[in-house]
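Here the structure is laid out as structure tokens; the discussion comes afterwards.
Protein chains: 2
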Amino acid sequence: MALIVQKYGGTSVGDLQRIRNVAANVAKLYADGNDVVVVLSAMAGVTDQLLTLAAEISHHPSRRELDVLLATGEQTTVALLSMTLESMGYPARSLLGYQAEIVTDHDFGRARIVQINADRLKAYLSQRKIVAVAGFQGRDTSGNITTLGRGGSDTSAVALAAALGADACEIYTDVDGVYTTDPNICEKARKLDKISYDEMLEMASLGAKVLQIRSVEFAKKFSVPIHVRSAFNLKEEGTMVVEEDTDMERLVVSGVTYSKDEARITITKVPDKPGVASQILTPIGDAGIVVDMIIQNTRKGGLTDVTFTVPKSHYEEALAIEQDVARRIGANQVYGDKNIAKVSIVGVGMRSHAGAAAKTFTALAQENINIIMISTSEIKISCVIEEKYTELAVRVLHQALGLEQG
Amino acid sequence: MALIVQKYGGTSVGDLQRIRNVAANVAKLYADGNDVVVVLSAMAGVTDQLLTLAAEISHHPSRRELDVLLATGEQTTVALLSMTLESMGYPARSLLGYQAEIVTDHDFGRARIVQINADRLKAYLSQRKIVAVAGFQGRDTSGNITTLGRGGSDTSAVALAAALGADACEIYTDVDGVYTTDPNICEKARKLDKISYDEMLEMASLGAKVLQIRSVEFAKKFSVPIHVRSAFNLKEEGTMVVEEDTDMERLVVSGVTYSKDEARITITKVPDKPGVASQILTPIGDAGIVVDMIIQNTRKGGLTDVTFTVPKSHYEEALAIEQDVARRIGANQVYGDKNIAKVSIVGVGMRSHAGAAAKTFTALAQENINIIMISTSEIKISCVIEEKYTELAVRVLHQALGLEQG
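This is the structure in structure tokens:
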């Protein structure tokens, strides 16, 4: 007898047959005596269709109204799932974001949950009802509909699990868990049984694309254990995303990830004075461009080179900004490169084990892969390399760090 | 400078181009200095698509969940219209039924409005915003989404006009007003400039299909003048549905309507005792079948014949019920007929002018059309005839009652 929050993604509810499969899975859990809250995404493709419709109206559609439009997607799936459960003889009720009192800030399109009042939800559960909650959506304190950004249903599920004190939060998706690396690139990639929140945060932000990063932050903050698993293979366990434990530390590294979405910009021979990094990077931030890695090397003669990475889609814009900046601060030259990639190794074991960095650099050197930039954190080492070596680098690091054995 | 509520039906918002046309019409009114509230239906066909989807899940889908599903239709159109207006530079905000605080009873699928709290709407108007309200939907006092039944957006518009004390309520639809009869049957049908609430109620319930009947009841109760007009011919005035005035009484009859949706059931030689009509009709009501006309004739010998009409779709069911009843009460025989039609003349002028009944019966007799049943009210005379004569009857009555001249 437990309280379980389950979340099903867009492909899991992509048509009526799949919704029936979800209903059967939910009903089984309920029939075993558990209380069940189901969080749903929109049917696969629906959100994109609605975005296309809005784009036909305006290049910059009203963000408030876009959220009203997008919210219809999850409204449809929770109604259909509840109907299906009711037609099977199970008592089910849908709740939209505002009805579940998922209160957010006012930032339409990427709102953050600030509070959940779960009274109505708890009342339904105490009446032994299955509750289907529309993911991805909430309301702000003025009563406007808000949405939480792509993947926001994950965050809805984790936040509800936290608010309800649920025993488990199961995220059903179209992959069967978190892998040591991308199985499309490295056939020896292995599914992890468990991973810590911090590792998952580094994996997700580096492109693992399994969970919305904010949901992991939420899970970490409220210690909600997440079980990421496949909606299409219900018998197999997925990956647990949980608090770090000593067991995890035995492994030095949990995964190798990569990103091809960044570009590099370098300004050379910058007069090396206090405040110069700010002069270089503030205009980029003001333009709404997110900088990832930043590296500053000292040269002789009071000069320095500054290199940073930006999303590829903002490369030309950032380059133009820095050409202005270079003139103003008297730098020598601005140049950049879009043909780069970032490969990273992630693992909480790096906190207590040395040697992962050396293994990384050696493995890349043995394949003659030049490292253009290096950036490290407590549990991550990232290397920027030439894009063409991405797949090779992922495979050699996966092997060199012993991820094949687990 | 007036406060205008406009309602646009499903065909008027059937695609993005039509939504742009609506936006242009709204913007013009707003730019002239008026406050504008726009009530929208779902895009044409959408509600039926959603009903089909629900029918694939269950023959009797949960009514609560069906309302959640159907409510997405208007949610989509109000978001799209508001986006369109905003992209044109006009300040617009959508409000769903619950956000506009349209409070209804708990009768999912055919809820009745019990109260509107228009504070939020008024606040937007005082900020000179155009407000697009989702028609057809509200919320009950428990916060569940409800819908008002087919054509419910008309009622939403009239109720909002009443709550706001609007100067006018314009219903844009795919016909250009209320006609003296069906123009598809009688080419001499003429558009009426105005019609009283009571006449409209009789016309609507008899099949004029221009306005949801409940919206007319609402308009009558709160004295809201309705202007029914075409969304596709914005220059031409439609028909005003208003309080009865002396001018209207000059005309004896305003229209001729017909219905082919009924069937007739007769029970013969019923022992004529007090309570017998109740014995005959209560089981029909208990089965949820609506009876329209009821006629009882006295025979000799303490026996009577009772005839009534029911919707054609419930004919077989009603016939079976009455066969049981006949056995129980000792009646002679039950028989019926599905090949009937009802033609009616409607007019407030009948209150003060005699002769309309005589003209009606004479006109039908001259064409050898036999009258099977007659039923009259203060402002209406209905005759049941053989179905095959329907069109002919409509044309001869239209001419005999002088409706061609106006």
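Keeping their order, the protein sequence lines are chains F and V.
First residue of the first sequence: 7, per this note's numbering; consecutive thereafter.
First residue of the second sequence: 7, per this note's numbering; consecutive thereafter.
Glycine residues also receive a C-beta, built at the ideal position from the N, C-alpha and C atoms.
Item                                                                                                                            : Value
Sufficient close CB pairs (3 or more, under 8 Å) joining the stretch 103 to 119 of chain V to the stretch 140 to 159 of chain V : yes
8 Å contact criterion, which ILE387 of chain F and ALA362 of chain F should meet: CB distance rounded                           : 7 Å
Test item: CB-CB of GLU208 of chain V and VAL352 of chain V under 8 Å                                                           : yes
CB contact below 8 Å: THR153 of chain F versus chain V                                                                          : no
GLY291 of chain V, DSSP secondary structure in three states                                                                     : helix
Alpha-carbon spacing of ALA399 of chain F relative to ALA210 of chain F, whole angstroms                                        : 19 Å
Reduced DSSP secondary structure (H/G/I, E/B, other) of SER284 of chain V                                                       : helix
For TYR178 of chain V, the residue or residues it bridges with in DSSP                                                          : V:TYR14, V:ARG235
Sub-8 Å separation of VAL45 of chain V and SER236 of chain V beta-carbons                                                       : no
Short-range partners of chain F found in the stretch 51 to 84 of chain V, where Cβ spacing is below 9 Å                         : LEU56, LEU59, ALA60, GLU62, ILE63, SER64, HIS65, HIS66, PRO67, SER68, ARG70, GLU71, LEU72, ASP73, VAL74, LEU75, LEU76, ALA77, THR78, GLY79, GLN81, THR82, VAL84
Neighbour-count burial assignment, ASN150 of chain F, 16 or more Cβ in a 10 Å radius                                            : buried
Stretch pair the stretch 362 to 372 of chain V + the stretch 228 to 246 of chain V: three plus CB contacts closer than 8 Å      : no
Chain F contacts made by the stretch 138 to 170 of chain V, where a contact means CB separation under 7 Å                       : GLY149
Test item: CB-CB of LEU9 of chain F and ASP41 of chain F under 8 Å                                                              : yes
Candidates F:ILE290, F:ILE273, F:HIS320, of which the one nearest ARG333 of chain F by Cα                                       : F:ILE273
ASP204 of chain V versus V:LEU87, V:ALA225, V:GLY291, V:SER64, residue with shortest Cα-Cα distance                             : V:ALA225
Proximity to GLU249 of chain V [Cα-Cα], best of V:LYS200, V:SER159, V:LEU287, V:LEU170                                          : V:LYS200
Extent of the continuous alpha helix (DSSP H) to which SER88 of chain F belongs                                                 : 69 to 93
Endpoints, beta strand (DSSP E) assigned at MET246 of chain F                                                                   : 245 to 248
Backbone secondary structure at VAL32 of chain F - three-state DSSP                                                             : helix
Alpha helix (DSSP H) segment containing ALA326 of chain F, residue limits                                                       : 321 to 335
Neighbour-count burial assignment, THR366 of chain V, 16 or more Cβ in a 10 Å radius                                            : buried
Residues near GLU392 of chain F in its chain [Cβ-Cβ closer than 8 Å; skip 5 each side]                                          : ASN345, ILE346, ALA347, ILE375, ASN376, ILE378
Proximity test, Cβ basis, 8 Å: SER221 of chain F and chain V                                                                    : no
Element boundaries [beta strand (DSSP E), containing PHE314 of chain V]                                                         : 309 to 317
Proximity of GLY308 of chain V and ASP278 of chain V at Cβ, strictly below 8 Å                                                  : yes
Nearest-angstrom Cβ-Cβ length linking VAL312 of chain F and ALA269 of chain F, presumed shorter than 8 Å                        : Between ALA269 of chain F and VAL312 of chain F the Cβ distance is about 15 Å, and since that is not below 8 Å, they are no contact.
Cutoff 8 Å; reference ARG26 of chain F; Cβ partners in own chain excluding five residues on either side                         : THR90
Whether LYS300 of chain F touches VAL316 of chain F by CB criterion (8 Å)                                                       : Reading off the sequence, residue 300 of chain F comes out as Ile, not Lys. No.
Whole-angstrom distance between ILE191 of chain F and LYS241 of chain F, CA atom to CA atom                                     : 26 Å
C-beta neighbour in chain F for MET89 of chain V, strict 8 Å                                                                    : yes
Coil, strand or helix - VAL216 of chain F by DSSP                                                                               : coil
ALA269 of chain F - DSSP class collapsed to helix/strand/coil                                                                   : strand
Delimiting residues of the alpha helix (DSSP H) encompassing LYS413 of chain F                                                  : Residue 413 of chain F cannot be examined here, being either before or after the span of chain F that is shown, 7 to 412.
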